[in-house]
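Below: the structure, in structure tokens.
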Amino acid sequence: MLYKPADFDPGRRYPVIDFIYAGPFTTIVPNTYAPSSSMSVRAQAMAQLGFITFIVDCRGTTQRGKAFQDASFGRIGQIEIPDHVVTLRQLAENRPYMNLDRVGIFGASWGGYFALRAMLTAPDVFHVGIAGAPGDLTEAQPINEPYMGLPQDNPEGYAAGSNPALARNLRGKLLIFHGTADRNAPFSTTMRMSEAPIRAGKLHDLAVLPQGDHYLRDHNGPYVAKLIISYFDEHLKRQ
Numbered sequence: 010m011l012y013k014p015a016d017f018d019p020g021r022r023y024p025v026i027d028f029i030y031a032g033p034f035t036t037i038v039p040n041t042y043a044p045s046s047s048m049s050v051r052a053q054a055m056a057q058l059g060f061i062t063f064i065v066d067c068r069g070t071t072q073r074g075k076a077f078q079d080a081s082f083g084r085i086g087q088i089e090i091p092d093h094v095v096t097l098r099q100l101a102e103n104r105p106y107m108n109l110d111r112v113g114i115f116g117a118s119w120g121g122y123f124a125l126r127a128m129l130t131a132p133d134v135f136h137v138g139i140a141g142a143p144g145d146l147t148e149a150q151p152i153n154e155p156y157m158g159l160p161q162d163n164p165e166g167y168a169a170g171s172n173p174a175l176a177r178n179l180r181g182k183l184l185i186f187h188g189t190a191d192r193n194a195p196f197s198t199t200m201r202m203s204e205a206p207i208r209a210g211k212l213h214d215l216a217v218l219p220q221g222d223h224y225l226r227d228h229n230g231p232y233v234a235k236l237i238i239s240y241f242d243e244h245l246k247r248q
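My numbering puts the first residue of the sequence shown at 10, with every later residue one more than the last.
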């Protein structure tokens with residue numbers, strides 16, 4: 010799904026934002042014109058602020074057959090970002106209004122993990138990233154085990170999919186936000202992820218949301234919406 014501004018001008022070049030989730034148990038691309046999820050609502054809204062935005066379900070997600078989903082079994086984090094990069098480049102082949110010199114990525118929860126993954130494994134492609142409540146494969150979370158197996162049975166897969174180990178690769182502008190009362194993605198994950206670029210001498214931004222839960226259904230929600238808009242506006246749109 011690709012969204013354009015209401016006043017779209019094909020003669021202009023627009024910055025691009027990839028809205029990613031990529032968790033292995035769901036899909037996020039809407040099959041209706043009207044946005045059908047918080048992700049598609051946010052993608053459509055950001056398009057109206059002067060961006061080209063898109064959503065894609067990469068390999069490893071559901072509803073496209075067992076082989077499509079099995080592609081990431083035991084190796085989460087290894088194929089999803091390459092799929093997004095290929096999608097981005099294919100979209101831009103016949104859409105010159107997509108400026109690949111200014112590409113951002115946003116995701117939260119599993120999407121936060123993958124937004125980080127994009128910034129760390131494809132730093133030449135993604136220039137600005139926002140990661141909300143990112144988990145990591147190094148966290149002991151039962152949600153990983155149906156798709157990765159037990160850590161003791163797949164240590165190579167868990168190690169390959171860990172983001173903190175790749176912090177030295179960070180080149181673009183990165184913002185991580187996380188609520189301190191999050192029970193879905195432990196706040197400790199963000200503390201470890203934030204420590205990694207510090208140790209690697211890489212600058213990044215961190216927004217801590219006091220008592221914020223995973224879904225930010227309190228006052229933190231409107232604040233994060235403003236934060237996302239301002240961060241992409243300053244670091245992506247105004248480049």
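Note that CB positions come from ideal geometry on N, CA and C, so glycine has one too.
Judged by DSSP in its simplified three-state form, LEU218 adopts strand. Bounds of the alpha helix (DSSP H) holding PRO164 are 164-169. Here the segment 138-152 makes contact with the segment 232-246; the two share three or more CB pairs at distances below 8 Å.
When DSSP reads this structure, ALA117 sits in a beta bridge with GLY141.
Of the candidates ASP222, ASP133, HIS223, TYR122, the residue whose Cα lies closest to the Cα of LEU109 is ASP133. With 16 or more other CB atoms across the displayed protein chains lying within 10 angstroms of its CB, LEU129 is buried. A Cβ-Cβ distance of about 7 Å is found for the pair ILE61 and TYR106, placing them in contact under the 8 Å criterion. By the 16-neighbour rule on beta-carbons within 10 angstroms, PRO155 is exposed.
Between GLY121 and PHE241, the C-beta spacing is not below 8 Å. In this chain, the alpha helix (DSSP H) harbouring GLY230 covers 229-241.
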